[in-house]
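Going by numbering that gives the first Met the number 0, the sequence shown wraps up at 833, each residue one higher than the last. Every residue gets a Cβ at the ideal spot worked out from N, C-alpha and C, and that includes glycine. Below is one structure, written out as structure tokens; comments come after it.
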Amino acid sequence: MDKQRRGTVLQKAISLAVMGMALPVGSAAQDVEEIVVVGVTPLGGPGLELNKVPFNVQTVSATDLAQSLSLDITDHLNSNAVSVNLNAAQNNPLQPDLQFRGFTASPLLGLPQGVAVYQDGVRINEPLGDAVNWDMLPESAISSMTLLSGANPVFGLNALGGAININMKNGFNFNGNEAEVYAGDWGRSVGTIESGGNNGTWGYYANISYFEEDGWRDLSDSDVLNFYGSVSWRDGERSALDFAFQDGQSELTGNGAAPVGLLELDREAIFTAPDITENDVTLFSLNGSHRFTDSLQFSGTVYRRENDTDSFNGDASEFELCEFSGGAQALLEEADDIEDALENELGIELDDVCEGEDDDIASFGDLEEFIEQQALLAGLNPEDFELEDAIDELSGSDILSDEAINNISNRQQISEGLEGQLTFLDDIAGFNNQLVVGFGYFNGESRFRSVTELADLNPETRSTAGLGTGTFFDEAATDIATQTETWSLYFTNALDLTDTLTLTLAGRFNESDVTLRDKSGERPELNGDHGFSRFNPSLGLTWEIDEGFNAYISYNESNRVPTPIELSCNEEIFSLAQARAEAEGDDPDDVEFECRLPNAFLADPPLNDVVTRNVEAGFRLQADDVNYHLGVFQATNEDDIIFQTTGRATGLFANVDKTRRMGFESALSGNLGSLNWFASYSYVQATFEDNFQALSPNHDFADEEGTISVQAGDRIPGIPNHQVKLGANYRFDNDLLIAAELIYNSDQRLRGDESNQLDDVDGFAIMNLRAIYQINDNISIFARINNLFDTEYESFGLLGEDPSEVIDSLNDLSPVFLGAGAPRAAWVGARIRF
Numbered sequence: 000m001d002k003q004r005r006g007t008v009l010q011k012a013i014s015l016a017v018m019g020m021a022l023p024v025g026s027a028a029q030d031v032e033e034i035v036v037v038g039v040t041p042l043g044g045p046g047l048e049l050n051k052v053p054f055n056v057q058t059v060s061a062t063d064l065a066q067s068l069s070l071d072i073t074d075h076l077n078s079n080a081v082s083v084n085l086n087a088a089q090n091n092p093l094q095p096d097l098q099f100r101g102f103t104a105s106p107l108l109g110l111p112q113g114v115a116v117y118q119d120g121v122r123i124n125e126p127l128g129d130a131v132n133w134d135m136l137p138e139s140a141i142s143s144m145t146l147l148s149g150a151n152p153v154f155g156l157n158a159l160g161g162a163i164n165i166n167m168k169n170g171f172n173f174n175g176n177e178a179e180v181y182a183g184d185w186g187r188s189v190g191t192i193e194s195g196g197n198n199g200t201w202g203y204y205a206n207i208s209y210f211e212e213d214g215w216r217d218l219s220d221s222d223v224l225n226f227y228g229s230v231s232w233r234d235g236e237r238s239a240l241d242f243a244f245q246d247g248q249s250e251l252t253g254n255g256a257a258p259v260g261l262l263e264l265d266r267e268a269i270f271t272a273p274d275i276t277e278n279d280v281t282l283f284s285l286n287g288s289h290r291f292t293d294s295l296q297f298s299g300t301v302y303r304r305e306n307d308t309d310s311f312n313g314d315a316s317e318f319e320l321c322e323f324s325g326g327a328q329a330l331l332e333e334a335d336d337i338e339d340a341l342e343n344e345l346g347i348e349l350d351d352v353c354e355g356e357d358d359d360i361a362s363f364g365d366l367e368e369f370i371e372q373q374a375l376l377a378g379l380n381p382e383d384f385e386l387e388d389a390i391d392e393l394s395g396s397d398i399l400s401d402e403a404i405n406n407i408s409n410r411q412q413i414s415e416g417l418e419g420q421l422t423f424l425d426d427i428a429g430f431n432n433q434l435v436v437g438f439g440y441f442n443g444e445s446r447f448r449s450v451t452e453l454a455d456l457n458p459e460t461r462s463t464a465g466l467g468t469g470t471f472f473d474e475a476a477t478d479i480a481t482q483t484e485t486w487s488l489y490f491t492n493a494l495d496l497t498d499t500l501t502l503t504l505a506g507r508f509n510e511s512d513v514t515l516r517d518k519s520g521e522r523p524e525l526n527g528d529h530g531f532s533r534f535n536p537s538l539g540l541t542w543e544i545d546e547g548f549n550a551y552i553s554y555n556e557s558n559r560v561p562t563p564i565e566l567s568c569n570e571e572i573f574s575l576a577q578a579r580a581e582a583e584g585d586d587p588d589d590v591e592f593e594c595r596l597p598n599a600f601l602a603d604p605p606l607n608d609v610v611t612r613n614v615e616a617g618f619r620l621q622a623d624d625v626n627y628h629l630g631v632f633q634a635t636n637e638d639d640i641i642f643q644t645t646g647r648a649t650g651l652f653a654n655v656d657k658t659r660r661m662g663f664e665s666a667l668s669g670n671l672g673s674l675n676w677f678a679s680y681s682y683v684q685a686t687f688e689d690n691f692q693a694l695s696p697n698h699d700f701a702d703e704e705g706t707i708s709v710q711a712g713d714r715i716p717g718i719p720n721h722q723v724k725l726g727a728n729y730r731f732d733n734d735l736l737i738a739a740e741l742i743y744n745s746d747q748r749l750r751g752d753e754s755n756q757l758d759d760v761d762g763f764a765i766m767n768l769r770a771i772y773q774i775n776d777n778i779s780i781f782a783r784i785n786n787l788f789d790t791e792y793e794s795f796g797l798l799g800e801d802p803s804e805v806i807d808s809l810n811d812l813s814p815v816f817l818g819a820g821a822p823r824a825a826w827v828g829a830r831i832r833f
């Protein structure tokens, strides 16, 4: 991370903290008493009592986060939240795929995102691909967090499986000063310092956090620096204003899944490197509320969020360098099927020719002529053996290499928006009623630039760092601008039909326009305009059966529009791109049929928006010492969008008529004296409900076209059926807290094996321990051990390329790549309040 940028963040943190020192703050930190409110909109407002909410709600407080000693919010949710699991697709602790009831929120561009994430009313899903950058959500600056289940229309686009609503700290909910630091295995060191306070009218809050580690795998170092601050104003209980600013930078290395043959030799090894993502985020937001009367209140927010992301990915080469006997060179685009056909049907050993062993073939033209002659002599069509030379599509230094490539990209994304809502608390015909009416506007703009560079590969580390040749493959270059604009109107109404029965009715209308424009001047087929509009309803009923015993049932709908990257890279490309090539006199069979993420956009045919219809029911029991929840759910997606894998980072998008995620979840928690405990179980059956052909050319059972047959009822990859979470903590004399937690996930299908014909990724169980010792009122020390029994496990798998293209010495050359779980590790630290 750039030192000058770090200095800028530190200067801003110090400036805000110094300004806040003018406010009278006690010498010891004193947390303001927290009242947990279930906000039913991204802006919160008065909220609803839990027993009137017709879906499952899981809440997390700042105290919960602090006591869990978790690295970030995904780590906490994975250990504690029902129906949440993580996939280590990137193998970086701050870049997991979070799955909730089989719906995804992930930083990886291209995954179908189905969970909406808000930070103080600001939409955090990025505009280009709805991705969520967890590294830019500093856990220590969070006051509370709510995970709401179901296709909640009020939370806007992407809330197919649920929404995460995050409330940040300010000077009125955090009072004092606190510092925390811990370090341990993998060279990990983490530090946080925060300060907040108020004088009754004005308040301030400042938080700066830092993370760095070498990583447990080879060549996997990362670092993150975040500053979050706010200035607040209050007019008693009547009016409130909060201005917040965030500035964060990160450099994350996540070298991804590794082939099974490599993991058998060394679980710390990486396949190719580096895979670096650098985020630079700036956020400004202004939240306000005003109580006009006891029954009328306004809440609103306006914001601007910018994220500049650089990606550098060293990968296996898609080319073969051919050096002919006459000294001429060609860079052949790899086509294993043609190479095999040349050998088996024409007797031509391409490797020998490309090593200059045939004196009669002195150039690529000679090779083409020789292949044509041999094909005609054999009575075969020469077009079936055509090779492609990429020499004419290169620019730069003209240094050639077929060892590796560097995928280099930059994404500039700007999110701007505003939301406002009125809350009416007037009775209707003598019945208690709460009505919220709101509007929203979101404008997301992005600029995406990418190039592919030929590179050499370090044979020992399999890294391309510093080994770029300066020669670029022009055909893969992209320069595109996108804009997503959405207008929304929404309402939610809770009417008490009786003292124990509450009817909830809600809905949201979204109108979205997605625009794509090619800025290179070379690819006009990328240009496109798409419009989507839909009204999503919700209906729920809650029944207070007895004091503390509540039942609920609800039906709701939500949708998400195809992201710009999905609209520009999907299976309908063939007819459009081939038609354009034919009109220009080119061979339509030469059209590329896959996208390399995140650095490729292709033609622009339409995809349908995804619509989710969700039904759920359950009951809650809240007693003095025990809380229990049991719920069932079924979410059906129409025109779901899936990414069809053709390699580790290649493939294309397609609509699937119907998918379904159904199951049930149960959670029990309680306390017995100084012992607090919890247990949860969830069952999620995620299936395709349509017969279709999926592209997966590396699949053992793929046909000649590289497709597999998916049948209705086949499981969706990456989602375990069963999850169990157990935990307990015991406090000794108010000084020592010792806790343990067990996480179990059952097996899951490989991405790329949508037909469910290959072996599963095995399930696993891991145990974590933690301890906190309170030395005095202001100082505590703590320790955490992850994966206590050093279990070897994998939480993710996919079909990639043939690993022999990079490592030809492996005993197992299966194209199965797995995301290995981290081994046992321990950290110790201290927390000081002053």
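Given a cut-off of 8 Å, decide if residue j and residue i are closer than it, judged by their beta-carbon atoms.
i, j, result
"residue 689", "residue 755", "no"
"residue 176", "residue 832", "yes"
"residue 156", "residue 115", "yes"
"residue 320", "residue 384", "no"
"residue 231", "residue 218", "no"
"residue 308", "residue 276", "yes"
"residue 135", "residue 225", "yes"
Exposed or buried, which one is residue i when buried takes at least 16 other CB atoms within 10 Å?
i, result
"residue 625", "exposed"
"residue 412", "buried"
"residue 715", "buried"
"residue 497", "exposed"
"residue 471", "buried"
"residue 198", "exposed"
"residue 673", "exposed"
"residue 108", "buried"
"residue 735", "exposed"
"residue 790", "exposed"
"residue 671", "exposed"
"residue 263", "exposed"
In this structure, does DSSP put residue i in helix, strand or coil?
i, result
"residue 826", "strand"
"residue 609", "strand"
"residue 332", "strand"
"residue 595", "Because the pLDDT of residue 595 is 47, which lies under 50, any placement of that residue in the model is unreliable, and the number read from its coordinates should be weighed accordingly. Note: residue 595 maps to strand in three-state DSSP."
"residue 505", "strand"
"residue 339", "helix"
"residue 523", "helix"
"residue 803", "helix"
"residue 561", "coil"
"residue 232", "strand"
"residue 275", "strand"
"residue 39", "coil"
"residue 47", "strand"
"residue 215", "coil"
If I'm right that residue i touches residue j with Cβ under 8 Å, what's the distance once you round it to whole angstroms?
i, j, result
"residue 452", "residue 405", "4 Å"
"residue 828", "residue 781", "6 Å"
"residue 161", "residue 102", "7 Å"
"residue 487", "residue 461", "Wrong, their Cβ atoms sit about 47 Å apart, outside the cutoff."
"residue 90", "residue 254", "6 Å"
Report all residues from its chain with a CB closer than 8 Å to the CB of residue i; omit the five preceding and five following residues, and keep chain order.
i, result
"residue 803", "809 and 812"
Below 6 Å CB to CB, which residues in the same chain sit around residue i once its five sequence neighbours on both sides are set aside?
i, result
"residue 386", "331"
"residue 322", "328 and 355"
"residue 826", "181, 183 and 783"
"residue 168", "140, 142 and 204"
Might you give, ordered along the chain, the residues of its own chain that have their beta carbon closer than 7 Å to the beta carbon of residue i, omitting 5 neighbours on each side?
i, result
"residue 669", "624, 625, 626 and 676"
"residue 34", "Only weak support exists for where residue 34 lies, its pLDDT of 38 falling under 50; the coordinates are left without a value."
"residue 250", "0, 221, 222, 275 and 277"
Determine, for residue i, whether the minimum Cβ-Cβ distance to residues of chain C falls below 8 Å.
i, result
"residue 539", "The question asks about chain C, but that chain is absent: this structure has only one protein chain."
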